[in-house]
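**Q**
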DNA sequence: AACTCGGGGCA
DNA sequence: TGCCCAGAGTT
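In our numbering, the protein residues as written are 285 to 497.
So, in structure tokens, the structure goes:
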């Protein structure tokens, strides 16, 4: 596998934008803190189920102070259907504690500070920076990783280097947009199993398609 | 690099 | 019933 040429990369982004003109974050939130909580909950869970949980959860709890009123076990019950609920409950409460104690209950907007919060890795930090603070970032989840390496926007076996490849190959003012386009494509056509290559406009340049033909 | 956490939707 | 889902922490 190699990576595409610059002109091909331009065409890929344009094609994906035509295919998904409304690609955007599908998690429901009204504040950076709500997005941070929703993104922690979204690990190995569909965003639809996260939205079902947060729709009720955020009615009663939408600030770090609110969540600190809950015991770990109480929060576990509220978020149970998102899976990994023990880890997520610890992460949300630990993060809430730090925000109240050190950040005046505000969510920091730098990757370094976000990644110090329990349960916040590079992917979650990038999602928050991009969708809550308008900073350009490429959050590499399973979809972005798979699709970009199949097509040839990246050529790497780990997510950190995939992010480096993407930042190198994609203009900085399009990082956040590209992130959403790759997720939409991964969920609808370039699926992990049985990808719908016959529906994909990127067949002409895609390394994965060339390999499977 | 491999392992663990996990309930719910869907075939 | 088996497989999979907008990851992160530990060993």
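We put the CB at the ideal spot given by N, CA and C, even for glycine.
Run through the segment 330–371 for me and flag every whole alpha helix (DSSP H) of 4 or more residues, listed as ranges in chain order.
**A** Complete alpha helix (DSSP H) runs here, min 4: 331–344, 348–352, 356–363.
**Q** If we ignore side chains and look at the alpha-carbon of each, how far apart do residue 390 and residue 484 end up?
**A** Residue 390 and residue 484: Cα-Cα distance of roughly 42 Å.
**Q** How long is the line joining the alpha carbons of residue 388 and residue 352, rounded to whole angstroms?
**A** Going from the Cα of residue 388 to the Cα of residue 352 covers about 14 Å.
**Q** Which residues in the same chain have their Cβ closer than 6 Å to the Cβ of residue 410, if we skip the five residues on either side of it in sequence?
**A** Excluding residues within five positions, the ones whose Cβ falls inside 6 Å are 421, 423.
**Q** Report buried or exposed for residue 311, applying the criterion of at least 16 other Cβ atoms within 10 angstroms of its Cβ.
**A** So residue 311 ends up on the buried side.
**Q** Quick one: residues in its chain with C-beta nearer than 7 Å to the C-beta of residue 300, no 5 flanking neighbours on either side, listed in chain order?
**A** Closer than 7 Å at the Cβ level, and outside the excluded window around residue 300, lie 465, 469.
**Q** Give me, in chain order, the residues of the same chain whose beta-carbon lies closer than 7 Å to that of residue 370; leave out the 5 immediate sequence neighbours on both sides.
**A** Same-chain partners within the cutoff: 360.
**Q** If residue 366 and residue 320 are in contact, beta carbons under 8 Å, what's the gap, nearest whole angstrom?
**A** Not really, about 14 Å apart at Cβ, beyond 8 Å.
**Q** Tell me where the alpha helix (DSSP H) around residue 470 begins and ends.
**A** Residue 470 -> alpha helix (DSSP H) spans 459–472.
**Q** In whole angstroms, give me the CA-to-CA distance for residue 405 and residue 478.
**A** So the alpha carbons of these two residues sit roughly 29 Å apart.
**Q** Would you call residue 418 buried or exposed, if buried means 16 or more other Cβ atoms sit within 10 Å of its Cβ?
**A** Under this definition residue 418 is an exposed residue.
**Q** Apply the 10 Å Cβ neighbour rule to residue 462 and answer buried if 16 or more other Cβ atoms are within range, or exposed otherwise.
**A** So residue 462 ends up on the buried side.
**Q** From this set, 431, 343, 307, 449, which residue's C-alpha is nearest residue 473's C-alpha?
**A** Of the listed residues, the one whose Cα sits closest to residue 473 is 431.
**Q** For residue 457, count neighbouring C-beta atoms within 10 Å of its own C-beta (all shown protein chains included) and say buried if the count is 16 or more, exposed if not.
**A** It counts as exposed.
**Q** Between residue 440 and residue 449, is the Cβ-Cβ spacing less than 7 Å?
**A** Yes; because the gap between Cβ atoms is below 7 Å, this pair is in contact.
**Q** Any idea if residue 434 is buried or exposed, counting beta-carbon neighbours within 10 angstroms, 16 or more meaning buried?
**A** Per the 10 Å Cβ criterion, buried.
**Q** Looking only at C-alpha atoms, which of 332, 324, 292, 313 sits nearest to residue 374?
**A** Of the listed residues, the one whose Cα sits closest to residue 374 is 324.
**Q** Between residue 315 and residue 415, what straight-line distance do the alpha-carbon atoms span, to the nearest angstrom?
**A** Taking the straight line joining both Cα atoms gives about 10 Å.
**Q** In whole angstroms, what separates the C-alpha of residue 395 from that of residue 322?
**A** Distance between the alpha carbons of residue 395 and residue 322: 17 Å.
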